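Protein chains in written order, with the numbering used here: chain A, 330 to 559; chain B, 330 to 559.
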């Protein structure tokens, strides 16, 4: 039975921009598991109610509904042990846990650059939900929140120095081949380019070169998605 | 032949406060390799000249001089493969590379809290060297640099959220047992408590509980060092 994945989409159902869903898209491709993705909007809470969660990704495997990207990754690894490993062993799985949290933090760190671009792409029915929940969270209007993003950019880029140094010494976080640690951290960068023309990474940046290598994985799965060329 | 480690010390030769040296102290203990540590001061560049480096840690193994903590960790893993693994396999070694850079970044992130306390502990011959090099780097006096450290503390603690979340779900970054990833990140926290009474971590913080577990490893190697109870 084909797996199904609820995948955050914009007004254009082909514009998929969730950092968390992209991790799972690549994890499924790594496991060579076919998936049917279902475009989902922020306000479609009822559709994923069986998962017990109100956010995507939500994976449906037969009768099982699984939410939360780290939980889904572990579910896939445990349920399909004979397919290529997402983690590279028990110790590597433990070491990957922090990458997942680090990547979640990146989503927050990118939001001051992307907030208004996300608003411009969400479906009509999501616009007021998105604006209200996010403006409450950041304590100002989305317009004001992103107004000084150029000023904030050098600090954001500098904050990525540890990641940059690691990726200068090896092609992927997992070594010569990508693993879930890579997909977790790639998710925010892919989500960003799917929603915003704002260049978070400089050309030539080791992080951008790594991101580009991941765009080419799995037959260009991530590269072929609707996105900006940044 | 016993290994020798050049280890940064203060005016008190027993006060060892280098985050980078602490990583290697624990790595050597993990490998069950006895070591003779040699107290070294910032201005003792000549003593470690055979390493080609002007910073510690520097490890001497017979005729070999090895500098840089990541290089030393890899040297120990390769040279002593029959001793307990520092990384937990080839994939885990690749995944550990980023932890090393992340930990280096933590050293920088802690410096606005510790700069003046370090000055108060360094050996007399190091005082002007330390003040001049660090004031040039931060662009102000060390006194001015640390003056608002209480104000900066909430931001520093918040920046540790990803690490905190990972350590809430497992005892060590490496899983049930500590690995080099743990020692790398522990180094800055241990260096801090060896030099400063300033409490970087709140009581009850999952990061502090993890740090305390590491203090108890190897017969309390890190806990028994001269340090503040913070």
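All C-beta atoms in this analysis are idealised placements derived from N, C-alpha and C, irrespective of residue type, glycine included.
Since this is a predicted model, take the numbers as computed values, not measurements.
At a CB distance below 7 Å, what residues from the region 483 to 499 of chain B approach chain A? Give them in sequence order.
Against chain A - using a Cβ distance shorter than 7 Å - the residues of the region 483 to 499 of chain B are 490, 491, 492, 494, 495, 498 and 499.
Would you say residue 544 of chain A and residue 519 of chain A are within 9 Å of each other, going by their C-beta atoms?
Here residue 544 of chain A refers to the residue found at position 215 of the first chain. Here residue 519 of chain A refers to the residue found at position 190 of the first chain. A contact, by the Cβ cut-off of 9 Å.
Tell me, please, which residues DSSP counts as bridged to residue 504 of chain B.
In the second chain, the residue the question calls residue 504 of chain B occupies position 175. Per DSSP, B:501.
Less than 9 Å between the beta carbons of residue 509 of chain B and residue 402 of chain B, yes or no?
Sequence index remark: in the second chain, residue 509 of chain B carries index 180 (1-based). Sequence index remark: in the second chain, residue 402 of chain B carries index 73 (1-based). Closer than 9 Å, so yes.
Going by CA-CA distance only, name the one from A:506, A:440 and A:539 that's closest to residue 475 of chain A.
For the purposes of this step, residue 475 of chain A is taken as residue 146 along the first chain, with counting starting at 1. When each option's Cα is compared against that of residue 475 of chain A, the closest is A:440.
What would DSSP say about residue 541 of chain A, mapped onto helix, strand or coil?
Here residue 541 of chain A is taken as the residue at index 212 of the first chain, counted from 1. Reduced to three states, the DSSP call for residue 541 of chain A is helix.
What's the gap between the Cα of residue 490 of chain A and the Cα of residue 432 of chain B?
For the purposes of this step, residue 490 of chain A is identified with residue 161 of the first chain, where counting begins at 1. For the purposes of this step, residue 432 of chain B is identified with residue 103 of the second chain, where counting begins at 1. Between residue 490 of chain A and residue 432 of chain B, the C-alpha separation is close to 11 Å.
Return no unless some Cβ of chain B is closer than 9 Å to the Cβ of residue 540 of chain A.
Taking the first chain and counting its residues from 1, one reaches residue 540 of chain A at position 211. Taking Cβ atoms only, chain B never reaches closer than 9 Å to residue 540 of chain A, which makes this a no.
Rounded to a whole number of angstroms, what is the C-alpha to C-alpha distance between residue 550 of chain B and residue 387 of chain A?
Within the second chain, the letter at position 221 stands for residue 550 of chain B. Within the first chain, the letter at position 58 stands for residue 387 of chain A. Approximately 46 Å, taken between the alpha carbons.
At least one CB of chain B closer than 9 Å to the CB of residue 398 of chain A: is that the case?
Position 69 of the first chain, counted from the first residue, corresponds to residue 398 of chain A. No, no contact with chain B.
Quick check on residue 419 of chain B: buried or exposed, where buried means 16 or more other Cβ atoms within 10 Å of its Cβ?
Walking along the second chain from the start, residue 419 of chain B turns up at place 90. So residue 419 of chain B counts as exposed.
Can you check DSSP and say which residues form a bridge with residue 399 of chain A?
Stepping through the first chain from its first residue, residue 399 of chain A is reached at position 70. Residue 399 of chain A is not bridged to any residue.
With a CB to CB cut of under 6 Å and the five nearest residues on each side skipped, what residues in its chain are close to residue 348 of chain B?
Within the second chain, numbered from 1, the residue matching residue 348 of chain B stands at position 19. Around residue 348 of chain B: 436, 516, 517 and 520.
Which ranges would you report for the alpha helix (DSSP H) in the region 460 to 489 of chain A if only whole runs of at least 4 residues count?
The qualifying runs are 471 to 475 and 478 to 488.
Quick check on residue 366 of chain A: does DSSP put it in helix, strand or coil?
Translated into positions along the first chain, residue 366 of chain A becomes position 37. The answer is strand: DSSP assigns residue 366 of chain A an E or B state.
Just verifying my parser: in three-state terms, what is the DSSP assignment at residue 436 of chain B?
As a first step, residue 436 of chain B must be located in the second chain, where it is residue number 107. It is helical.
How far does the beta strand (DSSP E) with residue 530 of chain B in it extend, from its first residue to its last?
Position 201 of the second chain, counted from the start, is the residue given in the question as residue 530 of chain B. Here residue 530 of chain B belongs to no beta strand (DSSP E), and DSSP marks it neither H nor E.
Hey, residue 629 of chain B and residue 385 of chain B: beta-carbon distance below 9 Å or not?
The structure shown does not extend to residue 629 of chain B, since chain B is modelled only from 330 through 559, so no value can be given for it.
For chain B, find out if any of its Cβ atoms is closer than 9 Å to the Cβ of residue 477 of chain A; answer yes or no.
Along the first chain, read from residue 1 onward, the residue named residue 477 of chain A stands at position 148. No, residue 477 of chain A lies away from the interface with chain B (no Cβ there is under 9 Å from its Cβ).
List the residues of chain B that residue 427 of chain A touches, going by C-beta distances under 7 Å, in chain order.
Walking along the first chain from the start, residue 427 of chain A turns up at place 98. Per Cβ cutoff of 7 Å: 491, 492, 495 and 502.
What are the residues in the region 403 to 427 of chain B lying within 9 Å of chain A by C-beta distance?
Answer set for the region 403 to 427 of chain B: 414, 416, 417, 418, 419, 420, 421, 422, 423, 424, 425, 426 and 427.
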